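>
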Ligand code: CP
Ligand code: NVA
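Residue numbers (the working numbering): 30 to 338.
Structural data, given as structure tokens:
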């Protein structure tokens, strides 16, 4: 059966570890599963990291990426999502899309026999989460029992980060304003996925205390631009600043999927300071994308990653 990558939870914890191990394998040790084949990359929203990392990952695996803007294919305006996907599977070994509505990628996955990859939706950002996990592993070693804190908007990035963190055995803490917090059912789900504890507060200082990784993201995701002024007021007090970072573990890393808005969700002295790993995190998008695609096409890591006992 064709595997898709719509969410981190499309994979087991063991498979996530496989993807992260593959991500660290040098390019020349991987086969070229996409040799002579295409990959459709469709973007309904802007991108720097995702477009470049996916194009290069496809190229490194022997394939040819074809970039198209969402307006060109016209999901449900020029033609139905299903018709677009059925045509593209005749040209490409992989269809990847960045969409406003998560349903668009699930509808594509329902009708094609090639892998569909979610390159960010309103719901989730799994490729980002794999890079986040890889970066945390590189900085912190084994993540099991470590604590990840997320300060800000419970959005697509936060959901996927929590999923991967839970699956790798991390304690999870959220600090979100009322109205922008994680629903209880989501907190429970992260526990069921493997997080030894999941906590949520409106006080960033509580969430960050002793944490090993402190994450944030923009308060205004793509498509929410009209709400910017109001959101900036609603998130007052949630800026990750040096005082907040001082409460975390002394070796803690600061992380952000980028693009970042200095002076809003994070201050410049933090994101440009010694604890920040945001550029390594961004560069890891390439390795994570390559690992995930290689996995979808049957590659397995050598040696096989060990699951916790
Ligand atoms: N982090 C991320 O997805 O960046 P882009 O929007 O630039 O792709
Ligand atoms: N939450 C942000 C992430 C950008 C990479 C957005 O959806 O715009």
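Just so you know, even glycine gets a beta-carbon here, dropped at the ideal spot from N, CA and C. Just so it is clear, the structure is predicted and the values come from calculations on it, not from any experiment.
#1: Once DSSP output is grouped into helix, strand and coil, what is the label at residue 119?
#2: Would you list, in sequence order, the uninterrupted beta strand (DSSP E) runs of no fewer than 3 residues that lie entirely inside the stretch 181-231?
#3: With a Cβ-Cβ cutoff of 8 Å, do residue 320 and residue 104 count as a contact?
#4: Nearest to residue 283 by CA position, among 164, 252, 77, 47, is which residue?
#5: Along the chain, which unbroken stretches of the alpha helix (DSSP H) at least 4 residues long are found entirely within the stretch 245-300?
#6: Across the stretch 183-192 and the stretch 301-309, are there enough close Cβ pairs to call them in contact, namely three or more that are closer than 8 Å?
#7: Please go through the same chain and pick out, in chain order, the residues whose beta-carbon is closer than 8 Å to the beta-carbon of residue 36, but skip the five residues on each side of it.
#8: May I ask you to report which of helix, strand or coil DSSP gives residue 176?
#9: Tell me the DSSP secondary structure of residue 147 in three-state form.
#10: If we call anything under 8 Å between Cβ atoms a contact, is residue 90 one with residue 63?
#11: Check whether the Cβ of residue 161 sits closer than 7 Å to any heavy atom of the ligand NVA, and report yes or no.
#12: Under 8 Å, with one C-beta from each stretch per pair, do the stretch 289-305 and the stretch 127-140 reach the 3-pair mark?
#13: Look at the alpha carbon of residue 52 and the alpha carbon of residue 119, and state the distance between them as a whole number of angstroms.
#14: Since residue 68 is in the alpha helix (DSSP H), which residue starts that stretch and which ends it?
#15: Just checking, does the stretch 235-244 make contact with the stretch 206-218 on the three C-beta pairs under 8 Å criterion?
#16: So, under 8 Å CB-CB, residue 240 and residue 219 are touching, yes? Tell me the CB distance rounded to an integer number of Å.
#17: Determine whether the beta carbon atoms of residue 200 and residue 230 lie at a separation below 8 Å.
#18: In the DSSP assignment, find the unbroken alpha helix (DSSP H) run with residue 78 in it and report its ends.
#19: Pop quiz: residue 74 and residue 127 are said to be a contact at Cβ under 8 Å. What is the actual Cβ separation, rounded to whole angstroms?
#20: Would you mind working out which of 77, 207, 82 sits nearest residue 313, comparing C-alpha positions?
#21: Assuming contact is defined by CB atoms lying nearer than 8 Å, are residue 143 and residue 122 in contact in what I supplied?
#22: If you follow the beta strand (DSSP E) that residue 340 is part of, which residue opens it and which one closes it?
#23: Grab me the residues of residue 304's own chain with a C-beta within less than 7 Å of its C-beta, minus the 5 sequence neighbours each way, in chain order.
#24: Could you confirm whether any beta carbon from chain B is found closer than 8 Å to the beta carbon of residue 272?
#25: Am I right that residue 301 and residue 46 are in contact with their C-beta atoms under 8 Å? What's the rounded C-beta distance?
#26: The ligand NVA heavy atoms versus the CB of residue 305: any closer than 7 Å?
#27: What residues match up with residue 108 in a beta bridge as DSSP calls it?
Reading from the atomic positions:
#1: coil
#2: 200-204, 227-230
#3: no
#4: 164
#5: 257-263, 271-274, 297-300
#6: no
#7: 147, 152, 153, 155, 189, 192
#8: strand
#9: strand
#10: yes
#11: no
#12: no
#13: 28 Å
#14: Premise fails: residue 68 lies in the beta strand (DSSP E), 67-72, not in any alpha helix (DSSP H).
#15: no
#16: The pair is not a contact, with the Cβ atoms about 15 Å apart (cut-off 8 Å).
#17: no
#18: 78-89
#19: 5 Å
#20: 82
#21: yes
#22: The question about residue 340 has no answer here: the residues shown for the chain are numbered 30 through 338.
#23: 274, 281, 282, 283
#24: The structure shown contains no chain B, having only a single protein chain.
#25: Contact flag wrong, Cβ pair sits at about 32 Å.
#26: no
#27: 104
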